[in-house]
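Residue numbering for the sequence shown follows our numbering, starting at -11 and increasing by one per position.
The beta-carbon is built from N, C-alpha and C at its ideal position, and this holds for glycine as well.
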Amino acid sequence: MVPGWPYSVVTALETGRHSWTAPLDAVRLVPGDDAASVTARQIRDVVDRLITAGHWQPGDPEILLVADAGYDGPRLAHVPADLPLVVLVRMRSDRVLRRPAPPLRRSPSPGRPARHGTEFAFGDPNTWASRISPSRPRPGSTDRR
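Put into structure tokens, the structure is as follows:
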């Protein structure tokens, strides 16, 4: 590998309590490459090789694909959807998502209906509350029932 050149590296983590990894594949991203497409193709090739080598068989637990925040999680989950994968992608802590739009209401005021609902900001716990069951305390609260 050459420092400064972007690579997509796939490693296998063994089960148990140790930090050993086994590099399975490395692909250099050339300028203009779509990182998500290259990574999805690379994952497909690695999983196909694992299946061909007999390291995964029908009935085995699905393969866990863990990726960092720089990867396009929804695309990584969609493109190889026919493979025995569970995809887990870390999201940046400053990310803001939108909930579904509220139902349409007849209103005398003109204008386009809302396309998105309220914000869910990872960095703002006040935006998390509407999805938490009232029987459980909010994360980080000191309320001990």
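Beta-bridge partners of residue i, as assigned by DSSP
i, result
"T(-1)", "P11"
"L76", "V54"
Beta carbon of residue i nearer than 8 angstroms to that of residue j
i, j, result
"R(-4)", "V26", "At residue -4 the sequence reads Ser, which differs from the Arg that was named. Against a cut-off of 8 angstroms, the Cβ pair of V26 and S(-4) comes out as a contact."
"R86", "H66", "no"
"P90", "A109", "no"
beta-carbon residue i near the ligand SAH non-hydrogen atom, thresh 7 angstroms
i, result
"V35", "The model depicted lacks the ligand SAH and carries no ligand whatsoever."
Alpha-carbon to alpha-carbon, residue j and residue i
i, j, result
"R94", "N114", "30 angstroms"
"V34", "P19", "23 angstroms"
"L76", "I51", "11 angstroms"
"W(-7)", "D22", "15 angstroms"
"A57", "R83", "10 angstroms"
"Y59", "A0", "18 angstroms"
"P125", "W116", "Any reading at P125 must be qualified, since the residue scores a pLDDT of 49, below 50, and its modelled position is unreliable; the value itself is stated next. If you take the alpha carbons of P125 and W116, they lie about 12 angstroms apart."
"R80", "R37", "31 angstroms"
"Q30", "G61", "15 angstroms"
"G99", "P72", "46 angstroms"
Continuous beta strand (DSSP E) stretch holding residue i: start and end
i, result
"A55", "I51 to A55"
"A109", "E107 to A109"
Where residue i falls, given that 16 or more other Cβ within 10 Å makes a residue buried
i, result
"L64", "buried"
"L92", "exposed"
Residue i, enclosing alpha helix (DSSP H) - first and last residue
i, result
"V18", "Note, V18: premise wrong, no alpha helix (DSSP H); not H, not E."
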